[in-house]
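Reviewing the structure listed below.
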Amino acid sequence: MNIITNFYQTLSNDLEKLISNVYESKVVNIKVGNYPSENTFQAHSNILIVRSPFFRDTLLRQNVVGKNNLIDVKIREIDFQTFPIILQYIYTGVVDLSNVVEKGLLDLLIGATLLQLEELSYHLQDYLITKHSTWVKQNYDQILTKTFKKRDGYVKLWDYCMQGICEDPKSLFSSEEFIKLDKDILFAILDQETLQCEELIIWEALIKWGIEQSPTISQKPAATSFDTNDWTDEEFIILKGIIEKFIPCIHFFEISSSDFYNKIRPFRPTLAPDLFDEVLGYHMKEKKPKLWPRLGKVDSVIIKSKQATAISNLIKNYELSSQNSIKKCSLSLLYRADRDGFHSGIFRNQCNDQGPSLALIKLRNGKIVGGYNPLGWMKVDPDDRKDYSKSFLFSFEPSLEVRSLKSVGVKNPTLAFDNQSQQALHFGTTDLIINGQNGSCVVRDFQSPIISSRSFAVENVEVFAVNDWNW
């Protein structure tokens, strides 16, 4: 990625708006930063209006005209030292990062996102991730703190940081900055089903963080040694109030009996009595049911752990409707088309008789579609109609935002899968068919079409075995 990047096409498209919309040009005094770290810049109102949605809203909808017919705008949230780069982008479409250090890049990104310069914001996120990944990994806390409140504007960088934390949470937990994390940021981290860490370590980190939030408790000599013998009832009440919202994030049943006794029991007053009794009862059982840990990293080139977690929750929801008590599921890769080949024979050889399965299809336009087969692909007699009532189709928009996930259930359960078809993937009679690198979608046996296109090109296909344990 070049240090100097040109975005001439967007500049041209924006300036073209001045042909059909004649905005009166006035001088805008833009005061950036907070005293004493502030500076004032001048720009033309019509250029700002067509280039930045933030300035368009500010200049057209608000009464900001000052003395001498000048317009005064103050932006406290932007670093004045990086603002010249933003102005250069607005006027020329050129971004020069030659002399910008990593912290300056983050400040520049915050400014670009605030001004709703989406192209520049995306470029800077990509630049930080690809060119300064080491710095990003060393400063997760700083990045999350500065971007949390408007994290929807930093999706790519936020996801990158969260994925890195999930892969190595111990580094963050052991850092000096961990105890300074905002409670909402900590909750966002601990709520990740993909944290690759023992539950006991997560609990210990939470206790350490919680104690440090209370000046009273943190001053106790043995505050972080799990020795609570000299704690008062009031101190337990204080800690309970601090960590209460995080308790559902801890998978207590995955903590060993000895660790539960030594590390959880001392803080019994901070837990709801029914939760403590339930976990205690579990550990007293002679034969314990097997439990799934957090989902962990998924071996996929199509989706990431966050999307896999969302799909896992879908599977759980569809299965629970049939009184099946699936609590967790893991995904084991069976087949990947760009690695194994798009031939249906290869797919059948690797996926038949593997039990419940999940298919992911990445389209050439970036959209993701797929389906859940609760029984799995198999060779069956044509007259033997299986009940696929818990099957469903789903899709993600190209952005892969979890909120873009939609699913449709099956309408004709015995026709949800055609195991006699020569095509590799065949959902319903015609609902979703993948034949090599071509696909089609014509609704018939599912409740509605999963995509609007009747035909589409396929970039890649993955199939996973869905393993589950009940409790």
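Going by UniProt numbering, the first residue of the sequence shown is number 1, and it counts up by one from there.
All C-beta atoms in this analysis are idealised placements derived from N, C-alpha and C, irrespective of residue type, glycine included.
None of the values given here were measured: they were computed from a predicted structure.
With a threshold of 7 angstroms on Cβ separation, who are the neighbours of R151 within its own chain once the five nearest residues in sequence on each side are excluded? W158
If you draw a straight line from the alpha carbon of A310 to that of V402, how long is it in whole angstroms? 7 angstroms
Are the beta-carbon atoms of Y122 and K156 separated by less than 8 angstroms? yes
Rounded separation between F456 and Q354 - CA only: 28 angstroms
Would you identify the three-state DSSP class for G439, choosing helix, strand or coil? strand
Just to confirm the assignment, what range does the alpha helix (DSSP H) spanning T147 have? Y140 to T147
Inter-stretch contact (C-beta, 8 angstroms, three-pair minimum) for the region 383–399 and the region 352–368: yes
Taking the C-alpha atoms as reference points, what is the distance between Y8 and T113? 19 angstroms
Residue range of the unbroken alpha helix (DSSP H) whose run includes residue 491: There is no way to answer for residue 491, as the model of the chain reaches only from 1 to 471.
Cβ shell of F276 (< 6 angstroms), same chain only, five flanking positions each side left out: R268
Assuming S305 and C166 make a contact with CB atoms under 8 angstroms, what is their CB distance in whole Å? 7 angstroms
By a C-beta neighbour count over all protein chains shown, 10 Å radius and 16 as the cutoff for buried, is K290 buried or exposed? Note on K290: pLDDT 49, under 50, position unreliable in the model; the coordinate value appears next. Flag for K290 reads exposed.
Should N460 be labelled buried (16 or more other beta-carbon atoms within 10 Å of its own) or exposed? buried
Under 8 angstroms between the Cβ atoms of I346 and D340? yes
In chain order, which alpha helix (DSSP H) runs of at least 4 residues are fully inside the region 341–392? 344–351
Excluding the five sequence neighbours on either side, which residues of its own chain have a C-beta within less than 7 angstroms of the C-beta of P332, listed in chain order? According to the sequence displayed, residue 332 carries Ser and not Pro. Cβ within range, chain order: F464, A465 and N467.
Under the three-state reduction of DSSP, which class applies to Q192: helix, strand or coil? coil
Cutting at 8 angstroms between CB atoms, please list the residues of its own chain near I4, excluding the five before and the five after it. V94, V95, D96, L97 and S98
Where does R76 land, buried or exposed, given buried means 16+ other C-beta within 10 angstroms? exposed
Bridge partner(s) assigned by DSSP for E235: E235 pairs with nothing; no bridge assigned.
Per DSSP, what are the beta-bridge partners of F41 in this structure? I30
Boundaries of the alpha helix (DSSP H) in which G281 is found, first to last residue: P273 to M284
Is it true that the region 176–190 meets the region 240–252, where meeting means three or more beta-carbon pairs spaced less than 8 angstroms apart? yes
Backbone secondary structure at D338 - three-state DSSP: helix
Same chain, Cβ closer than 6 angstroms to W203, five either side skipped, listed in chain order: I250
Tell me the residue span of the beta strand (DSSP E) that contains V410. Neither: V410 is in no beta strand (DSSP E) and is coded neither H nor E.
Return the CA-CA distance between S133 and F246, expressed in angstroms with no decimal places. 29 angstroms
How many whole angstroms separate the CB atoms of S214 and L239, which I take to be in contact at a CB cut-off of 8 angstroms? 7 angstroms
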